[in-house]
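Novice: Attaching a single structure in structure tokens format; questions to follow.
There are 2 protein chains.
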Amino acid sequence: MLDDKLELESFLPYRLYHIADLVSREFAKIYKDRLGLTRPEWRVLAGLGQHGAMTAKAIGEQSAMHKTKVSRAVAELERRRWLTRTPDETDRRVEHLTLSKAGQTVYAEMVPLARAFERRLSRAMGAARFAEFEYGLERLETFMLEGGLSDE
Amino acid sequence: MLDDKLELESFLPYRLYHIADLVSREFAKIYKDRLGLTRPEWRVLAGLGQHGAMTAKAIGEQSAMHKTKVSRAVAELERRRWLTRTPDETDRRVEHLTLSKAGQTVYAEMVPLARAFERRLSRAMGAARFAEFEYGLERLETFMLEGGLSDE
DNA sequence: TTTCAATGGTTACATCTGTAACCAATTCAG
DNA sequence: CTGAATTGGTTACAGATGTAACCATTGAAA
């Protein structure tokens with residue numbers, strides 16, 4: 001290929017972002033339709049369902065969301081009574097968030113949707129290639145979080 | 001793993017999106033710092049540099065951007081005199097966009113930055129794994145654009 | 001022709017996101 | 001202790017994005 005041109009379609013950062021976006025939107029369509037969740041709300045629910053009780057800060061860390069995003073998603077889920085806040089006994093800045101019964105029900109619906117979606121992807125790629133791909137992501141993530149930052 | 005819980009950190013759509021975001025932001029930092037470009041502007045420039053002259057519509061198709069995003073990025077690049085518009089001879093709705101001299105200079109600066117960044121990723125993953133990973137993306141993309149849509 | 005649907009592109013509006021400022025509570029240093 | 005710096009969390013504001021409405025032009029049908 002010519003050295004003074006760049007083929008956008010095969011440039012990895014572009015490709016990666018584009019495809020991630022396709023996948024994410026496609027999946028979001030599913031849970032938005034059936035459960036009325038936005039992506040941040042889905043993630044909060046996923047965190048609480050998985051861990052039982054978390055602070056807003058912990059949710060942000062686990063799911064890579066900005067604290068304002070978490071704050072807003074939590075407020076909305078609380079409004080729908082899918083979670084409740086419990087003040088921490090010893091540190092009154094902190095609130096522990098837990099899913100309500102209703103929230104647990106929604107979580108129980110969202111898990112199989114997620115599994116099914118992932119299974120579709122895995123099948124489309126082939127299980128072996130899927131695993132290999134996940135490992136590639138692993139490497140990429142490690143690199144980005146560690147060394148990637150400094151110029152070469 | 002328990003069947004009624006989902007491990008967010010290893011859920012592919014989440015992982016994929018998160019890592020794509022990391023990569024994209026990291027790369028954006030570079031060209032924003034050095035060239036003062038937003039992501040949509042970078043993509044428009046990439047399209048024009050690669051193809052010479054395009055309509056706004058074609059740019060949107062090549063780089064997977066909504067037409068309003070393209071419209072705004074083009075307006076900004078025009079304001080900086082990095083591209084010019086030429087009305088189509090036969091269809092007066094259409095404008096052909098081309099890089100100005102200044103625009104070509106910026107393009108010439110952005111290409112090596114892109115290559116260098118991609119090379120860093122490739123090196124971090126190992127060339128073989130990188131290629132395998134690209135192929136995985138390929139499969140994923142095909143699936144999303146074709147069959148992925150219908151419920152299983 | 002004349003009319004009506006479709007197309008390239010821009011703009012108005014609502015929504016979402018991040019930055020920064022903020023509040024209350026807590027911790028740490030002197 | 002007391003005051004400054006830190007932390008969990010919310011909110012105000014500004015910027016980016018998508019949806020929908022729009023304008024001008026073209027194509028197709030009657």
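Sequences listed follow chains A and B, in order.
Residue numbers 1 to 152, in UniProt numbering, belong to the letters of the first sequence in order.
Residue numbers 1 to 152, in UniProt numbering, belong to the letters of the second sequence in order.
We put the beta carbon where it would ideally sit given N, CA and C, even for glycine.
Quantities reported herein were computed from a predicted structural model and do not represent experimental measurements.
(1) Counting contacts by CB-CB distance shorter than 8 Å, is VAL70(A) in contact with chain B?
(2) Can you tell me whether ARG43(B) is buried or exposed? The criterion is at least 16 other CB atoms within 10 Å of its CB, across all chains shown.
(3) Please check if any C-beta of chain A sits within less than 8 Å of the C-beta of VAL23(B).
(4) CB GLY52(A) to CB GLN62(A), shorter than 8 Å?
(5) Verify whether the separation of the beta carbon atoms of LEU77(B) and GLU41(B) is less than 8 Å.
(6) THR86(B) bridges to which residues according to DSSP?
(7) In the region 16-49 of chain B, which residues sit with their C-beta less than 8 Å from some C-beta in chain A, listed in chain order?
(8) Residues of the region 2-17 of chain A with a CB closer than 9 Å to any CB of chain B: list them in chain order, please.
(9) Under 8 Å Cβ-Cβ, which residues of chain B neighbour GLY136(A)?
(10) Contact between the region 18-33 of chain A and the region 126-135 of chain B is defined here as three or more beta-carbon pairs at a separation below 8 Å; is this criterion met?
(11) CA-CA distance, GLU146(B) and ALA124(A)?
(12) Under 8 Å between C-beta atoms, does LEU121(B) make it to chain A?
(13) Let's test the definition: count the other Cβ atoms within 10 Å of the Cβ of GLY60(B) and tell me whether it reaches 16, buried, or not, exposed.
(14) How big is the Cα-Cα spacing for LEU113(A) and HIS96(A)?
(15) Report yes if the CB atom of GLY103(B) is closer than 8 Å to the CB atom of LEU16(B), and no otherwise.
(16) I'd like to know whether the C-beta atoms of VAL111(B) and ASP4(A) end up nearer to each other than 8 Å.
(17) How close, in whole Å, do the beta carbons of ILE19(A) and LEU140(B) come, if the pair is a contact with beta carbons under 8 Å?
(18) Taking CB distances under 8 Å as the criterion, tell me whether VAL106(B) reaches chain A.
(19) Note down the Cα distance separating GLU109(B) from THR38(B), rounded to an integer number of angstroms.
(20) For GLU118(B) versus PHE117(A), is the C-beta distance shorter than 8 Å?
(21) Could you round the C-beta distance between VAL94(A) and THR55(A) to whole angstroms and report it? I think they count as a contact, below 8 Å.
(22) Output yes if chain B places a C-beta closer than 8 Å to the C-beta of LEU140(A); else output no.
(23) Quick one: complete alpha helix (DSSP H) runs, 4+ long, within the UniProt domain "HTH marR-type" (9-142) of chain B?
(24) Given that VAL94(A) touches chain B, what residues does it touch there, using C-beta distances under 8 Å?
(25) Residues of chain A with CB under 9 Å from VAL111(B), in chain order?
(26) Which one of ALA131(A), ALA127(A), LEU121(A) has the shortest CA to CA distance from THR142(B)?
(27) Out of PHE130(B), ALA128(B), ARG115(B), ARG129(B), state which residue places its alpha-carbon closest to the alpha-carbon of GLU7(A).
(28) Can you confirm whether residue 155(B), when its beta carbon is compared against all beta carbons of chain A, has any partner nearer than 8 Å?
Specialist: Walking through what the data contain:
(1) Counting from 1 along the first sequence, the entry for residue 70(A) is found at position 70. No, VAL70(A) lies away from the interface with chain B (no Cβ there is under 8 Å from its Cβ).
(2) The residue given as residue 43(B) occupies position 43 in the second sequence. ARG43(B) is buried by the Cβ-count criterion.
(3) On the second sequence, position 23 is the one that residue 23(B) refers to. At a cut-off of 8 Å between beta carbons, VAL23(B) contacts chain A.
(4) Numbered from its first residue, the first sequence carries residue 52(A) at position 52. Numbered from its first residue, the first sequence carries residue 62(A) at position 62. Not a contact, by the Cβ cut-off of 8 Å.
(5) Translated into the one-based positions of the second sequence, residue 77(B) becomes position 77. Translated into the one-based positions of the second sequence, residue 41(B) becomes position 41. Taking 8 Å as the Cβ cut-off, LEU77(B) and GLU41(B) qualify as a contacting pair.
(6) In the second sequence, residue 86(B) corresponds to position 86, counting from 1. THR86(B) pairs with HIS96(B).
(7) Within the region 16-49 of chain B, the residues whose Cβ lies closer than 8 Å to some Cβ of chain A are LEU16, TYR17, HIS18, ILE19, ALA20, ASP21, LEU22, VAL23, SER24, GLU26, PHE27, ARG43, ALA46, GLY47, GLY49, listed in chain order.
(8) Look at the region 2-17 of chain A: the residues with a C-beta under 9 Å from a C-beta of chain B are ASP3, ASP4, LYS5, LEU6, GLU7, LEU8, GLU9, SER10, PHE11, LEU12, PRO13, TYR14, ARG15, LEU16, TYR17.
(9) Counting from 1 along the first sequence, the entry for residue 136(A) is found at position 136. The answer, in chain order, is MET125, ARG129, PHE130, GLU132, PHE133, GLY136.
(10) For the pair of segments examined, the region 18-33 of chain A was found not to touch the region 126-135 of chain B: the number of CB pairs separated by less than 8 Å stays below three.
(11) The residue labelled residue 146(B) in the question sits at position 146 within the second sequence. The residue labelled residue 124(A) in the question sits at position 124 within the first sequence. A straight line joining the alpha-carbon of GLU146(B) with that of ALA124(A) spans about 11 Å.
(12) Within the second sequence, the letter at position 121 stands for residue 121(B). Proximity of LEU121(B) to chain A, defined by a Cβ-Cβ separation below 8 Å, is satisfied.
(13) Counting from one through the second sequence, the residue named residue 60(B) turns up at place 60. Buried.
(14) Counting from one through the first sequence, the residue named residue 113(A) turns up at place 113. Counting from one through the first sequence, the residue named residue 96(A) turns up at place 96. In a straight line, the C-alpha of LEU113(A) is about 27 Å away from that of HIS96(A).
(15) As a position in the second sequence, residue 103(B) is number 103, starting the count at 1. As a position in the second sequence, residue 16(B) is number 16, starting the count at 1. No, they are not a contact pair.
(16) Within the second sequence, residue 111(B) is the residue found at index 111, counting from 1. Within the first sequence, residue 4(A) is the residue found at index 4, counting from 1. Yes, the pair counts as a contact, with Cβ atoms nearer than the cut-off.
(17) Sequence index remark: in the first sequence, residue 19(A) carries index 19 (1-based). Sequence index remark: in the second sequence, residue 140(B) carries index 140 (1-based). Yes, they are in contact, since the Cβ atoms of ILE19(A) and LEU140(B) sit about 6 Å apart, within 8 Å.
(18) Within the second sequence, the letter at position 106 stands for residue 106(B). For VAL106(B), the answer is no, since every Cβ of chain A falls outside 8 Å of its Cβ.
(19) If you number the second sequence from 1, residue 109(B) lands on position 109. If you number the second sequence from 1, residue 38(B) lands on position 38. GLU109(B) and THR38(B) have their C-alpha atoms some 15 Å from each other.
(20) As a working mapping, residue 118(B) is identified with position 118 in the second sequence. As a working mapping, residue 117(A) is identified with position 117 in the first sequence. No, the pair does not count as a contact, with Cβ atoms beyond the cut-off.
(21) Here residue 94(A) refers to the residue found at position 94 when the first sequence is read from its first residue. Here residue 55(A) refers to the residue found at position 55 when the first sequence is read from its first residue. Taking 8 Å as the upper bound for CB-CB distance, VAL94(A) and THR55(A) are in contact here, some 5 Å apart.
(22) The sequence position of residue 140(A) within the first sequence is 140, counting from 1. Judged by the 8 Å Cβ criterion, LEU140(A) is in contact with chain B.
(23) Note on the UniProt domain "HTH marR-type" (9-142) of chain B: whole alpha helix (DSSP H) runs with a minimum of 4 residues are 12-35, 39-51, 56-63, 67-79, 101-125, in chain order.
(24) Walking along the first sequence from the start, residue 94(A) turns up at place 94. Contacts between VAL94(A) and chain B, judged by CB atoms closer than 8 Å, are missing: the closest CB pair is about 22 Å apart.
(25) Within the second sequence, residue 111(B) is the residue found at index 111, counting from 1. Ordered by position in chain A, the residues that pass the 9 Å Cβ test against VAL111(B) are ASP3, ASP4, LYS5, LEU6.
(26) Translated into the one-based positions of the second sequence, residue 142(B) becomes position 142. Across the set ALA131(A), ALA127(A), LEU121(A), the C-alpha of LEU121(A) shows the shortest separation from the C-alpha of THR142(B).
(27) The sequence position of residue 7(A) within the first sequence is 7, counting from 1. Comparing alpha-carbon positions, the option among PHE130(B), ALA128(B), ARG115(B), ARG129(B) lying closest to GLU7(A) turns out to be ARG115(B).
(28) Outside the shown range of chain B, which is 1 to 152, sits residue 155(B), and nothing can be said about it.
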